[in-house]
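Undergrad: Which chain is which? The protein sequence lines are A and B, in order.
The first sequence begins at 1219 in my numbering and counts up one residue at a time.
The second sequence begins at 1219 in my numbering and counts up one residue at a time.
Please read through the structure below; I'll follow up with questions.
There are 2 protein chains.
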Amino acid sequence: MTEEKTTRRRPRSDGQRNRERLIEAAKAAFQDGETEMRFDEISRRAGVGIGTLYRHFPTRDALIEAVYRTEVEGLSAAAQQLAATCVPAEALRSWMRLFVDYFATKQLIAPALNSLVGGPGQLYATSGEHLKTAIRELVGRAVENGDIRADLDPFDLLRALVGVANVAADPGWEASAKRLVDILIAGSRPDA
Amino acid sequence: MTEEKTTRRRPRSDGQRNRERLIEAAKAAFQDGETEMRFDEISRRAGVGIGTLYRHFPTRDALIEAVYRTEVEGLSAAAQQLAATCVPAEALRSWMRLFVDYFATKQLIAPALNSLVGGPGQLYATSGEHLKTAIRELVGRAVENGDIRADLDPFDLLRALVGVANVAADPGWEASAKRLVDILIAGSRPDA
DNA sequence: AACTTATACGGAGGATGTCTCCGTTTAGCA
DNA sequence: TGCTAAACGGAGACATCCTCCGTATAAGTT
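This is the structure we're talking about:
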């Protein structure tokens, strides 16, 4: 048996940089409403070869997930900040509205769904953990405070949010989505 | 200017039959969880040539819409029947639950979304009218009866339903979706 | 600074799926 | 039974996906 290599070379800087560029280009493609995001087009935009794209992201889903994950991280951070600065009920409501803004304005979820439906939570499961943690925290505090029924499954709310944010195709969706947030909150009150 | 032809030949029976077969085959493909529904495969299953498929449904969306429309018609009929046999609030709630069953169990919406996001309601707008009418009716009656706030936009609820039914990928979605229906109803009450 | 080598790059080209075009077949009608 | 509009079928042009491998370069070594 050969000795296990303990000293690993530091990752190459160009690799790291290209990876970031690719994610950036993919995100831009989404936001331009490119339902069809051709891979060669994305690699061209990022200024790298096609082979490079495929090495970093072997499948379409891997690329989508990477974009998705960077977005989720920001949202996760926002949850912590809101929890620290607002009363529980308001923190929850604000975060849910932020969720709508953050995801739906960027039309990010919608294309991502394509792969989400593929398997049971392939993509969603990985970065979804962060979101679950965030909303569990927010709901937990609201329950303790008596703003929300204790029997509410936090993940139910998250599911509704994902759903609501998806239907962002026609004009007026944004106002509608925010009204729905309020309806959901109202329906989650202890006396409802 | 030539005389306008007033006598049109009756549509050919084989054309009609093949059209139905194709819709049937496509629906089956959806239900088998075929996220990738290859066109040649569908035409093969229907026992017709590829050319025939493309003549009947020039684009992928056209085929999806045809499948979608047949489903929507059943749901629309159910709304009328529920309105006739239940008290308003119960009719609305039952229909919303039926919506979840009807669409989400069949995983039908999810693939259909692919085209929905393409343009502003391309597909959704056409058959969506039926759904809009159905829920407008149900909500209208519930409002008159004092079960639901008057300022609720019926389409908001529909949007939420579509969204909720979409996230049907992981186990437990069904129970979650139905809990959400109750939360939505509770949040729509006049005193909420 | 020069050398070594693991790591990453790029894009040609094969595999796979989409969609069109047109010669052949068939159902409706007289 | 003959005529013809309507429908059929599938070969093949076209587009996109993804793999493979020779070349280039950054990290570590002397």
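For glycine and all other residues, C-beta sits at the position ideal for the given N, C-alpha and C.
Go to A/Ser1406, then tell me how far its alpha helix (DSSP H) extends in each direction, as first and last residue.
TA: Within the first sequence, residue 1406 of chain A is the residue found at index 188, counting from 1. First-last for A/Ser1406: undefined, no H or E at that position.
Undergrad: Use the C-beta contact count for A/Asn1236: other C-beta atoms within 10 angstroms, 16 or more gives buried, fewer gives exposed.
TA: Taking the first sequence and counting its residues from 1, the one referred to as residue 1236 of chain A is at position 18. Per the 10 Å Cβ criterion, buried.
Undergrad: Does the structure place the region 1392-1410 of chain A close enough to the region 1309-1318 of chain A that three or more beta carbon pairs sit under 8 Å?
TA: Yes: the two stretches touch, three or more of their Cβ pairs being nearer than 8 Å.
Undergrad: If you follow the alpha helix (DSSP H) that A/Tyr1320 is part of, which residue opens it and which one closes it?
TA: The residue you call residue 1320 of chain A lines up with position 102 of the first sequence. No alpha helix (DSSP H) holds A/Tyr1320; DSSP gives it neither H nor E.
Undergrad: Quick check on A/Arg1230: does DSSP put it in helix, strand or coil?
TA: If you number the first sequence from 1, residue 1230 of chain A lands on position 12. Coil at A/Arg1230, not helix or strand.
Undergrad: Report the residues of the region 1395-1410 of chain A with a CB closer than 8 Å to any CB of chain B, ordered along the chain.
TA: Correct list: Ala1395, Arg1397, Leu1398, Asp1400, Ile1401, Leu1402, Ile1403, Ala1404, Gly1405, Ser1406, Arg1407, Ala1410.
Undergrad: From which residue to which residue does the alpha helix (DSSP H) around A/Leu1300 run?
TA: Numbered from 1 along the first sequence, position 82 holds the residue referred to as residue 1300 of chain A. 1278-1303 is the extent of the alpha helix (DSSP H) around A/Leu1300.
Undergrad: Let me know if A/Glu1283 comes out buried or exposed under the rule of 16 or more other beta-carbons within 10 Å of its beta-carbon.
TA: Locating residue 1283 of chain A in the first sequence gives position 65, where the first residue counts as 1. The residue in question, A/Glu1283, is buried, as its Cβ has 16 or more Cβ neighbours within 10 Å.
Undergrad: Can you tell me whether B/Gly1364 is buried or exposed, with buried defined as 16 or more other CB within 10 angstroms of its CB?
TA: As a working mapping, residue 1364 of chain B is identified with position 146 in the second sequence. When all chains shown are included, B/Gly1364 counts as exposed.
Undergrad: So what's B/Val1335 in DSSP terms, helix, strand or just coil?
TA: Taking the second sequence and counting its residues from 1, one reaches residue 1335 of chain B at position 117. Here the model assigns B/Val1335 a pLDDT of 39, short of 50, so the residue's position is not dependable and the matter cannot be decided.
Undergrad: Helix or strand or just coil, what does DSSP make of B/Arg1367?
TA: Against the second sequence, residue 1367 of chain B aligns to sequence position 149. Coil at B/Arg1367, not helix or strand.
Undergrad: Consult DSSP for B/Gly1358 and reduce its assignment to one of helix, strand or coil.
TA: Counting from one through the second sequence, the residue named residue 1358 of chain B turns up at place 140. Helix at B/Gly1358.
Undergrad: If you measure from the beta carbon of A/Arg1377 to each beta carbon in chain B, is any gap under 7 Å?
TA: Working through the first sequence from its first residue, we reach residue 1377 of chain A at position 159. Yes, A/Arg1377 counts as interfacial toward chain B.
Undergrad: Can you give me, in chain order, the residues of the region 1279-1307 of chain A that have a beta carbon less than 8 Å from any beta carbon in chain B?
TA: Listed in sequence order: no entries.
Undergrad: Kindly indicate which three-state DSSP category A/Phe1275 falls into: helix, strand or coil?
TA: Here the question's residue 1275 of chain A lines up with position 57 in the first sequence. A/Phe1275 falls in the coil class under three-state DSSP.
Undergrad: List the residues of chain A that B/Asp1365 touches, going by C-beta distances under 7 Å, in chain order.
TA: Start at 1 with the first residue of the second sequence, and residue 1365 of chain B comes out as number 147. None at all; the shortest Cβ gap to chain A is about 14 Å.
Undergrad: Under the rule that 16 or more other beta-carbon atoms within 10 Å means buried, what is A/Glu1291, buried or exposed?
TA: The residue given as residue 1291 of chain A occupies position 73 in the first sequence. Classification of A/Glu1291: exposed, given that the 10 Å Cβ count is below 16.
Undergrad: Give me the residue from A/Met1255, A/Arg1226, A/Thr1270 with the minimum Cα distance to A/Glu1238.
TA: Taking the first sequence and counting its residues from 1, one reaches residue 1238 of chain A at position 20. A/Glu1238 has its Cα closest to that of A/Thr1270, out of A/Met1255, A/Arg1226, A/Thr1270.
Undergrad: Which one of A/Leu1375, A/Phe1257, A/Ser1406 has the shortest CA to CA distance from A/Phe1317?
TA: Position 99 of the first sequence, counting from 1, holds the residue named residue 1317 of chain A. It is A/Leu1375 whose Cα lies nearest to the Cα of A/Phe1317.
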